[in-house]
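Engineer: One line per chain: the protein sequences are A, B and C, in this order. Numbering (the working numbering) for the first sequence: 1 to 63. Numbering (the working numbering) for the second sequence: 64 to 522. Numbering (the working numbering) for the third sequence: 523 to 981. What follows is a structure written as structure tokens; I'll ask about it next.
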Amino acid sequence: PDRAEPLSPAAVRVLAKPPVRKLAKDLGVDLATLIGSGPGGVITRADVEGAPSPHRAMPERYA
Amino acid sequence: MADTDFDVLVLGAGSGGYACALRAAQLGLRVGLVEKDRLGGTCLHIGCIPTKALLHAAEVADSAREAGQFGVRASFEGIDMPGVLAYQDGVVNRLFKGLTGLVRSRGITVIEGAGRLTGPREVTVDGTAYTGRSVVLATGSYSRTLPGLEIDGERVITSEHALRLDHVPSSVVVLGGGVIGCEFASVWRSFGAEVTIVEALPRLIAGEDAASSAALERAFRKRGITSRTGTPFSEAKVTDHGVVVTLEGGETIEAELLLVAVGRGPRTADLGYEEQGIAMERGFVLADDRGRTNLEGVYAVGDIVPGLQLAHRGFAHGILVAEQIAGLDPRPVPDSGIPRVTYTHPEVASVGLTEAAAIEAYGAEAVQTVTYDLGGNGKSQILRTQGFVKLVAQVDGPVVGLHLVGDRVGELIGEAQLIYNWEGHADDVAPLLHAHPTQNEALGEAHLALAGKALHAHG
Amino acid sequence: MADTDFDVLVLGAGSGGYACALRAAQLGLRVGLVEKDRLGGTCLHIGCIPTKALLHAAEVADSAREAGQFGVRASFEGIDMPGVLAYQDGVVNRLFKGLTGLVRSRGITVIEGAGRLTGPREVTVDGTAYTGRSVVLATGSYSRTLPGLEIDGERVITSEHALRLDHVPSSVVVLGGGVIGCEFASVWRSFGAEVTIVEALPRLIAGEDAASSAALERAFRKRGITSRTGTPFSEAKVTDHGVVVTLEGGETIEAELLLVAVGRGPRTADLGYEEQGIAMERGFVLADDRGRTNLEGVYAVGDIVPGLQLAHRGFAHGILVAEQIAGLDPRPVPDSGIPRVTYTHPEVASVGLTEAAAIEAYGAEAVQTVTYDLGGNGKSQILRTQGFVKLVAQVDGPVVGLHLVGDRVGELIGEAQLIYNWEGHADDVAPLLHAHPTQNEALGEAHLALAGKALHAHG
Ligand SMILES: Cc1cc2nc3c(=O)[nH]c(=O)nc-3n(C[C@H](O)[C@H](O)[C@H](O)COP(=O)(O)OP(=O)(O)OC[C@H]3O[C@@H](n4cnc5c(N)ncnc54)[C@H](O)[C@@H]3O)c2cc1C
Ligand SMILES: Cc1cc2nc3c(=O)[nH]c(=O)nc-3n(C[C@H](O)[C@H](O)[C@H](O)COP(=O)(O)OP(=O)(O)OC[C@H]3O[C@@H](n4cnc5c(N)ncnc54)[C@H](O)[C@@H]3O)c2cc1C
């Protein structure tokens, strides 16, 4: 579904849990530009990780 | 008419009922609250609060007994049960006064007496019919017993009697190794009694992760509490000096008292629920995740709804139903997101899935666990407590279960439930700082380990 | 050569240094760790751990003294200081053994002796020069005193001496009402001493929210600890029986001991830092948020870097620098996200901004606060503790500060820091469940109140 208007900050907030919001912020991803793939339009971690990020490199997972 | 007709009519003023009444009043609704006993219900008067007061007295006793280990010269001389009861009553009465004031200040009409559902939206109390645009059923639960096992309140007792005992029994058999049974076992042992727990299931607190059950049983054994798990009860006979408990197979145990703690049943009989056509199952009232029963405008909250029987679940149900009635759009919290604490010495706390449940849900390859031993945690060493933090996570996914054992770990479940309910990943938690030296550092260390960055742990 | 050349050469094995060494080794780097005293540094040997052991002994003493209030018959007979020290040493030694084993198991080369920076990437110990591709400075801090106030280790002492006292002083003046001063004041009072705190600033623990300072001062007063805030110290004279402390204005206080707790200075003098051209300010080493000094390949962590002097900040610095060196991209946590706990009776804990700082940052209209009194919290009533949870939030924005006072609230800061660091809003937290009856429910209630849904609180 296409969205003409970006979401309001309050709406975005409800659609993403705090750690996902924090991750988006750390990666410089604007949640209002994302379309949530979770139930009820919830923005998931995968949505954020899949979005173009100005701070490209994700912290690697190290063993 | 104004006195008998309400926007919301609540039957039962326990955790679920009073929370619903308070929130509904806050949202501007006119509320009637029917209670036959005291505002606050089981939790405040014969449940959470008095048991936790006993458990704290037990902690004080243990602390005095072991003071020498910390360089404190003190002697433990015994338990003054009337003193313990006075302390317990003091706590209950203070909170009761607070609650009573709160209910009054919000303008809630309290209707004293036993109510019965006499119409789809009508509750009759002492011959007077009260009506509500919405009706909320919140009649709670009672201590069950086993067929043929009669509670006499003297030798064979339930938690309700146990809370009012005026002396410390020399020996007790606790029938049932669930939360309530284990909590009383813990108290009585600290108070000096010989305690044996008899449980038919293969482990104590069987709803918890197997690791937690094993750790509690081990800690109990060290404290001198005998756990007879996997041992069905057969019968009990009252004698002149106490009670003789026969196990399946014929073995007998003698004790001064038998505490029957085999679970709590819903208090729903003879209240008109069936007559009004409310859908029920094995005595419980069926409700959806917004508390709605099958009857339009009739809701159910708390222990009468199948699921975890916990006060904070009752509060949450009550708030949710009030908001639902007021036309808001509240978010339900599923039972798995509800924190569970057993306030024994040591405590057991958890939220989310056990390892077994996670494997069942996602498959063994998709589940990862990490156990951080409190031996590496400075504050736990200072408290001289043992235990662990166990995390259950989806591989490359969120933490789906947190399980803790150790003195005072019940307080760590606040953080644990945020991680669970906010679907945190190890990588989200790992970079954050936990204050040193606290027990909550152990949660931090466990997430570091899960993220492959163990600090104060081998691995 | 292999023995003197490392990927990472760490100078100082306190919280910052050893955490860096452990994480670097975990990431596959060859690590040299120089230490002139014992692995673990201030925190383990003369800081966090032994003080918290004392504070726990103090709690045991208070609990025995007040046992009667809970119905437990016990008598408190005094403090056996050698016993307290044995307990304290037991805890320290156990953790020390664990740490030593950990460092060994990760294959870190420990270089015993005092090191000096003799080249941009070179540290010389006992005449041998060691080099590192990266060098990490982690030399920690020491107890400062005031000009003209000489520490004799007998009558005029620092925390280090205070930890080894073999008796309980009859009376003490504590110079400095910061965290360390307040913690010793709390211990000694529980152990039976007369305690006076002298502090030039207008309040105790001045870095905390004003409400927390006021609550601690009030609780201390009730316990018989005198706080002379806003009272500059003038001089101290040792006498035959003790020490006479003169305040500005001329008033004097006599006591058996004077504890000087006026802060800790960076241990950076005469270590070659200036000679090698490291940028410093008032003795501290300047580093960016990734621990980098102005010299390529030279990093600084822990108490030598300006900011909060806390062990867990040191751990976090150390881990971050190790990851930075290993080429990862770690996320720094700003100082405001670091939880702070004062382990007094009652405890004070916080994370994020004070109300004053929030108003300064966002303007008074944009800041909202809620204070939830522990009087409404069942578990706090059971513990008989008083205090509060105070939330500072941006209006329609995240919670930007959490402040707690009360016995055992230090453990709640784990949840509080998640809320702060994940930028939770009141309505993210409000629908979630806190276990009943816990103290962490008070955090839940405060967020309910902030979201306009107070349950167990008037409002
Ligand atoms: C020993 C013990 C310890 C416990 N410890 C904990 C704990 O630590 N933590 C925890 O979360 N939970 C604990 N619980 C469980 C907790 O008490 C319950 O989950 C909680 O009280 C359920 O709330 P409720 O509102 O559903 O029912 P209740 O609290 O049982 O309230 C029901 C109310 O309805 C009233 N009522 C019933 N029928 C009628 C009628 N016909 N007319 C008028 N009024 C009526 C009753 O008098 C009662 O006041 C404990 C329980 C027990 C027994
Ligand atoms: C009484 C007291 C109580 C405290 N309580 C707490 C608390 O509860 N919680 C908390 O978070 N923080 C607490 N702190 C602060 C905490 O101890 C410090 O923040 C922490 O230890 C700093 O770590 P660091 O690695 O920077 O330095 P340090 O721990 O001081 O370690 C520096 C190490 O470097 C070594 N060293 C120095 N110079 C050289 C040299 N030239 N060659 C070789 N080795 C050298 C030292 O021997 C030492 O081992 C407390 C401090 C004190 C004094």
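Quick reminder that beta carbons are idealized off the backbone N, C-alpha and C, glycines included. Values in this document were obtained by computation on a predicted structure and should not be read as measured data.
1. Should Ala57 (chain A) be flagged as near chain C, meaning a C-beta pair shorter than 8 angstroms?
2. Looking at the secondary structure, which residues open and close the alpha helix (DSSP H) in which Asp648 (chain C) lies?
3. Using a Cβ cut-off of 7 angstroms, pull out every chain A residue sitting near Pro945 (chain C), in sequence order please.
4. Could you name the residues that DSSP lists as bridge partners for Lys516 (chain B)?
5. Thr622 (chain C): which of C:Leu544, C:Glu588, C:Val767 and C:Leu875 sits nearest, CA to CA?
6. I need the straight-line Cα distance from Gly239 (chain B) to Val123 (chain B), nearest angstrom please.
7. If we count Cβ pairs, one from each stretch, closer than 8 angstroms, do we get three or more for the stretch 676 to 690 of chain C versus the stretch 834 to 852 of chain C?
8. Short check: CB of Ala127 (chain B) to CB of Ala586 (chain C), under 8 angstroms?
9. What in chain C is Cβ-close to Arg524 (chain B), meaning under 8 angstroms?
10. What does Thr960 (chain C) reach in chain B if we use C-beta pairs closer than 8 angstroms?
11. When burial is assigned at 16 or more other CB atoms within 10 Å of the CB, is Ser204 (chain B) buried or exposed?
12. Given a threshold of 16 other Cβ atoms within 10 Å of its Cβ, counted over all protein chains shown, does Ile747 (chain C) qualify as buried or as exposed?
13. Where do the N-terminal and C-terminal ends of the beta strand (DSSP E) with Glu223 (chain B) fall, by residue?
14. Using a Cβ-Cβ cut-off of 8 angstroms, state whether Arg61 (chain A) counts as contacting chain B.
15. Check each residue of the stretch 23 to 35 of chain A: if its Cβ is closer than 7 angstroms to any Cβ of chain C, include it; give the result in chain order.
16. Would you kindly work out how many angstroms separate the C-alpha atoms of Ala299 (chain B) and Ile142 (chain B), rounded to a whole number?
17. In three-state DSSP terms, what is Thr866 (chain C)?
18. Is Leu43 (chain B) helix, strand or coil when you go by DSSP?
19. Quick one: is Asp950 (chain C) near chain A, going by C-beta distance under 8 angstroms?
20. To which residues of the same chain is Gly774 (chain C) closer than 7 angstroms at the C-beta, ignoring the five residues directly before and after it?
21. Counting C-beta neighbours from all protein chains within 10 Å, is the total for Ala443 (chain B) 16 or more, i.e. buried, or is it exposed?
22. Nearest-angstrom Cα distance between Gly620 (chain C) and Val613 (chain C)?
23. For the beta strand (DSSP E) that Val922 (chain C) lies in, which residues bound it at each end?
24. Select from the stretch 843 to 855 of chain C all residues with a C-beta closer than 8 angstroms to any C-beta belonging to chain A, and list them in chain order.
25. Could you name the residues that DSSP lists as bridge partners for Ser872 (chain C)?
26. What does the alpha-carbon distance come out to for the pair Leu334 (chain B) and Glu175 (chain B)?
27. Which residues in chain C sit within 8 angstroms of Ile382 (chain B), going by Cβ to Cβ distance?
28. Is Ile243 (chain B) near ligand 1 - that is, is its Cβ less than 7 angstroms away from at least one heavy atom of it?
29. Out of curiosity, what's the CA-to-CA distance linking Val472 (chain B) and Thr407 (chain B)?
30. Can you check whether the C-beta of Ala586 (chain C) is within less than 8 angstroms of a C-beta belonging to chain B?
31. Interface residues of chain B around Ala541 (chain C) at Cβ under 8 angstroms?
32. Starting from Tyr150 (chain B), find everything on chain C with Cβ-Cβ shorter than 7 angstroms and list it in chain order.
33. Ligand 2 and Arg789 (chain C): does any heavy atom of the ligand fall closer than 7 angstroms to the residue's C-beta?
34. Under a CB-based cut-off of 8 angstroms, is Gly981 (chain C) close to chain A?
35. Apart from the five residues on each side of it in sequence, which residues of its chain come closer than 7 angstroms, Cβ to Cβ, to Gln939 (chain C)?
36. CA-CA distance, Glu557 (chain C) and Gly824 (chain C)?
Structural biologist: Taking the geometry as given:
1. By 1-based counting over the first sequence, the position of residue 57 (chain A) is 57. Caution is warranted here: a pLDDT of 46 is assigned to Ala57 (chain A), below 50, making its placement in the model unreliable, and no coordinate value can be reported.
2. Locating residue 648 (chain C) in the third sequence gives position 126, where the first residue counts as 1. No residue range can be given for Asp648 (chain C), since it is assigned to no alpha helix (DSSP H) and is classified by DSSP as neither H nor E.
3. Counting from 1 along the third sequence, the entry for residue 945 (chain C) is found at position 423. According to the sequence provided, residue 945 (chain C) is Glu. The question's Pro does not apply to it. Residues of chain A passing the Cβ test: Pro18, Arg21 and Lys22.
4. Residue mapping note: residue 516 (chain B) aligns to position 453 of the second sequence, counting from 1. According to DSSP, which records beta bridges pairwise, Lys516 (chain B) is partnered with nothing at all.
5. Counted from its first residue, the third sequence places residue 622 (chain C) at position 100. Taking only the C-alpha atoms, the option nearest Thr622 (chain C) is C:Leu544.
6. If you number the second sequence from 1, residue 239 (chain B) lands on position 176. If you number the second sequence from 1, residue 123 (chain B) lands on position 60. Gly239 (chain B) and Val123 (chain B) have their C-alpha atoms spaced approximately 26 angstroms apart.
7. No, because fewer than three Cβ pairs between the stretch 676 to 690 of chain C and the stretch 834 to 852 of chain C fall closer than 8 angstroms, the two stretches do not touch.
8. If you number the second sequence from 1, residue 127 (chain B) lands on position 64. If you number the third sequence from 1, residue 586 (chain C) lands on position 64. Yes.
9. This structure does not reach residue 524 (chain B), given that chain B is present from 64 up to 522, and the question cannot be answered.
10. By 1-based counting over the third sequence, the position of residue 960 (chain C) is 438. Residues of chain B passing the Cβ test: Val404, Gly473, Glu474, Ile476 and Gly477.
11. Translated into positions along the second sequence, residue 204 (chain B) becomes position 141. The residue is buried, with at least 16 neighbouring Cβ atoms inside 10 Å.
12. Within the third sequence, residue 747 (chain C) is the residue found at index 225, counting from 1. Burial call: buried.
13. The count along the second sequence starts at 1 and reaches residue 223 (chain B) at position 160. No beta strand (DSSP E) contains Glu223 (chain B), which is instead part of the alpha helix (DSSP H) from Ser222 to Ala225.
14. As a first step, residue 61 (chain A) must be located in the first sequence, where it is residue number 61. Because the pLDDT of Arg61 (chain A) is 38, which lies under 50, any placement of that residue in the model is unreliable, and the number read from its coordinates should be weighed accordingly. Against chain B, the CB of Arg61 (chain A) has a partner CB under 8 angstroms away; the residue lies at that interface.
15. If the cut-off is 7 angstroms between Cβ atoms, the stretch 23 to 35 of chain A has Asp26 near chain C.
16. Position 236 of the second sequence, counting from 1, holds the residue named residue 299 (chain B). Position 79 of the second sequence, counting from 1, holds the residue named residue 142 (chain B). When rounded, the distance between both Cα atoms is 28 angstroms.
17. As a working note, residue 866 (chain C) is residue 344 in the third sequence. Correct three-state label for Thr866 (chain C): coil.
18. What the structure shows of chain B is the stretch from 64 to 522, and residue 43 (chain B) is not part of that stretch, so it cannot be assessed.
19. The sequence position of residue 950 (chain C) within the third sequence is 428, counting from 1. Any Cβ of chain A closer than 8 angstroms to the Cβ of Asp950 (chain C) would place that residue at the interface, and such an atom is present.
20. Counting from one through the third sequence, the residue named residue 774 (chain C) turns up at place 252. The sequence as given places Thr at residue 774 (chain C); Gly does not occur at that position. Taking C-beta separations shorter than 7 angstroms and ignoring five residues to either side along the sequence, the partners of Thr774 (chain C) in its chain run Val766, Val767 and Thr768, following chain order.
21. If you number the second sequence from 1, residue 443 (chain B) lands on position 380. Note that residue 443 (chain B) is Ser in the sequence shown here, rather than Ala. Classification for Ser443 (chain B): buried.
22. Residue numbering aside, residue 620 (chain C) sits at position 98 when the third sequence is read from its first letter. Residue numbering aside, residue 613 (chain C) sits at position 91 when the third sequence is read from its first letter. Take the alpha-carbon of Gly620 (chain C) and the one of Val613 (chain C): they are about 11 angstroms apart.
23. Within the third sequence, the letter at position 400 stands for residue 922 (chain C). For Val922 (chain C), the uninterrupted beta strand (DSSP E) segment begins and ends at Val921 to Gly928.
24. Listed by position along the chain: Leu850, Asp851, Pro852 and Arg853.
25. Position 350 of the third sequence, counted from the start, is the residue given in the question as residue 872 (chain C). In the DSSP assignment, Ser872 (chain C) forms a beta bridge with C:Arg862 and C:His925.
26. Counting from one through the second sequence, the residue named residue 334 (chain B) turns up at place 271. Counting from one through the second sequence, the residue named residue 175 (chain B) turns up at place 112. If I take the Cα positions, the gap works out to 16 angstroms.
27. Locating residue 382 (chain B) in the second sequence gives position 319, counting from the first residue. The answer, in chain order, is Lys975 and Leu977.
28. Along the second sequence, one-based indexing puts residue 243 (chain B) at 180. Taking 7 angstroms as the cut-off, the C-beta of Ile243 (chain B) counts as close to a heavy atom of ligand 1.
29. Position 409 of the second sequence, counted from the first residue, corresponds to residue 472 (chain B). Position 344 of the second sequence, counted from the first residue, corresponds to residue 407 (chain B). When rounded, the distance between both Cα atoms is 11 angstroms.
30. Here residue 586 (chain C) is taken as the residue at index 64 of the third sequence, counted from 1. Under the 8 angstroms criterion on CB atoms, Ala586 (chain C) is classed as interfacial with respect to chain B.
31. Against the third sequence, residue 541 (chain C) aligns to sequence position 19. Those are Leu518, listed as they occur along chain B.
32. Counting from one through the second sequence, the residue named residue 150 (chain B) turns up at place 87. Residues of chain C passing the Cβ test: Gln591, Phe592 and Gly593.
33. Mapped onto the third sequence, residue 789 (chain C) falls at position 267. Yes - ligand 2 has a heavy atom lying nearer than 7 angstroms to the Cβ of Arg789 (chain C).
34. The residue labelled residue 981 (chain C) in the question sits at position 459 within the third sequence. Low confidence applies to Gly981 (chain C): its pLDDT is 43, below 50, so where it sits in the model is not reliable enough to give any reading.
35. Position 417 of the third sequence, counted from the first residue, corresponds to residue 939 (chain C). Answer for Gln939 (chain C): Gly859, Pro861 and Val873, listed in chain order.
36. On the third sequence, residue 557 (chain C) is found 35 positions in, with the first residue counted as 1. On the third sequence, residue 824 (chain C) is found 302 positions in, with the first residue counted as 1. Rounded to whole angstroms, Glu557 (chain C) to Gly824 (chain C) spans 15 angstroms at the Cα level.
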